[in-house]
């Protein structure tokens with residue numbers, strides 16, 4: 011186990027957060043609507059950070075007692091510090107129209123975690139030596155964790171293979187498949203597929219340098235820079251719960267089962283950057299179809315020439 015038990019609590023000695031992206035807009039900034047948005051960084055002595063450290067320490071202590079056979083006293087059920095590279099922030103949003111302000115806390119590291127409960131499985135994965143796949147909502151469908159050297163079958167390949175080999179022999183088998191489909195998880199609204207090109211709203215990524223990109227590059231008569239093209243690398247899911255914030259949950263259960271929220275890991279074209287966002291940050295790339303030449307739309311291959319042409323139409327650049 012990658013921990014040290016000290017007189018002050020539990021010290022985690024493993025991390026995947028070194029060099030991770032952190033918020034940069036730490037001072038109040040007015041947007042174009044007059045609203046104020048900025049991040050506030052907490053030290054470990056702040057009571058809000060202490061709350062996270064105590065919650066995580068309690069969960070980790072329970073795990074270490076059960077699986078690590080460690081004797082940890084109640085007084086030591088607390089993290090001494092977050093794993094290296096992980097920092098707790100509060101995103102403050104103050105609205106010009108006197109709408110109630112928002113104060114959302116996030117733990118920034120390998121991903122942006124929204125609560126101690128959400129970070130617990132990732133923390134346990136770090137401490138356990140990362141020999142098994144991480145069970146957190148962000149790593150769940152990714153390749154992080156143990157790898158036996160075999161290439162995993164992609165979702166698209168699996169779907170094609172299943173369809174090509176599945177034969178319904180009689181009515182009873184057809185009914186069985188129908189029942190299985192009913193029990194599959196339901197997703198909130200639009201789903202995008204892996205490999206699909208989408209447009210990413212840079213205002214909603216939570217990245218300060220994306221906001222700077224908009225501010226430095228956009229013209230008051232040209233809003234196309236607010237959307238940047240990207241390719242979906244992976245998808246993951248998390249059940250929608252009552253305690254999710256309004257900008258996280260986007261649908262209500264229809265009574266047929268659990269509804270899941272989809273997250274997407276996206277490679278931003280020509281920026282060499284990979285981000286993870288939810289559905290509300292994305293638009294189908296054909297939403298801007300009228301601005302793209304027909305020759306580009308009809309071409310099935312995304313060649314270098316087409317990519318340059320694509321960027322020239324969206325960002326008014328010369329090629």
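Residue numbers (the numbering used here): 11 to 329. The C-beta atom is built at its ideal place from N, Cα and C for all residues, glycine as well.
So which of the options has the shortest CA-CA distance to residue i?
i: residue 84; options: 202, 224, 16; result: 16
i: residue 70; options: 56, 221, 86; result: 86
i: residue 275; options: 221, 294, 203; result: 203
i: residue 80; options: 12, 31, 201, 273; result: 12
i: residue 387; options: 61, 122, 31, 133; result: In this structure the chain extends from 11 to 329, so residue 387 is not present and cannot be described.
i: residue 272; options: 284, 283, 285, 289; result: 289
i: residue 215; options: 26, 206, 32; result: 32
i: residue 27; options: 213, 281, 129, 287; result: 129
i: residue 74; options: 287, 283, 135, 52; result: 135
i: residue 213; options: 56, 60, 55, 287; result: 287
Kindly list the residues whose CB is nearer than 7 angstroms to the CB of residue i, restricted to its own chain and excluding five residues on each side of it in sequence; keep chain order.
i: residue 48; result: 35, 36, 37, 38, 39, 102
i: residue 44; result: 106
i: residue 14; result: 21, 23
i: residue 67; result: 19, 20, 87, 88, 89
Taking just the CA atoms, how far does residue j sit from residue i?
i: residue 72; j: residue 18; result: 17 angstroms
i: residue 99; j: residue 50; result: 5 angstroms
i: residue 76; j: residue 46; result: 46 angstroms
i: residue 224; j: residue 236; result: 6 angstroms
i: residue 91; j: residue 111; result: 29 angstroms
i: residue 63; j: residue 296; result: 45 angstroms
i: residue 142; j: residue 208; result: 32 angstroms
i: residue 149; j: residue 124; result: 15 angstroms
i: residue 104; j: residue 61; result: 24 angstroms
i: residue 330; j: residue 206; result: The displayed coordinates of the chain run from 11 to 329. Any statement about residue 330 would go beyond what the structure contains.
i: residue 54; j: residue 137; result: 20 angstroms
Do we get a CB-CB distance below 8 angstroms when we pair residue i with the residues of chain C?
i: residue 92; result: Of the protein chains in this structure there is only one, and it is not chain C.
Would residue i and residue j be called neighbours here (beta carbons separated by less than 8 angstroms)?
i: residue 210; j: residue 109; result: no
i: residue 65; j: residue 126; result: yes
i: residue 219; j: residue 241; result: no
i: residue 118; j: residue 96; result: yes
i: residue 120; j: residue 30; result: yes
i: residue 122; j: residue 131; result: no
i: residue 239; j: residue 293; result: no
Let me know if residue i comes out buried or exposed under the rule of 16 or more other beta-carbons within 10 Å of its beta-carbon.
i: residue 217; result: buried
i: residue 334; result: The question about residue 334 has no answer, for the chain in this structure spans 11 to 329.
i: residue 41; result: exposed
i: residue 222; result: exposed
i: residue 147; result: buried
i: residue 284; result: exposed
Suppose the cutoff is 6 angstroms on Cβ atoms and the five residues either side in sequence are ignored; what does the same chain contact list for residue i look like?
i: residue 311; result: For residue 311, the pLDDT reaches just 41, beneath the cut-off of 50, and the residue's location in the model is therefore unreliable, although a value from the coordinates is still provided. So the list is empty, once near-sequence residues are dropped.
i: residue 113; result: 100, 102
i: residue 78; result: 11
i: residue 52; result: 58, 59, 98
Which residues in the same chain have their Cβ closer than 8 angstroms to the Cβ of residue i, if we skip the five residues on either side of it in sequence?
i: residue 139; result: 11, 12, 24
i: residue 281; result: 238
i: residue 82; result: 15, 20, 71, 74, 75
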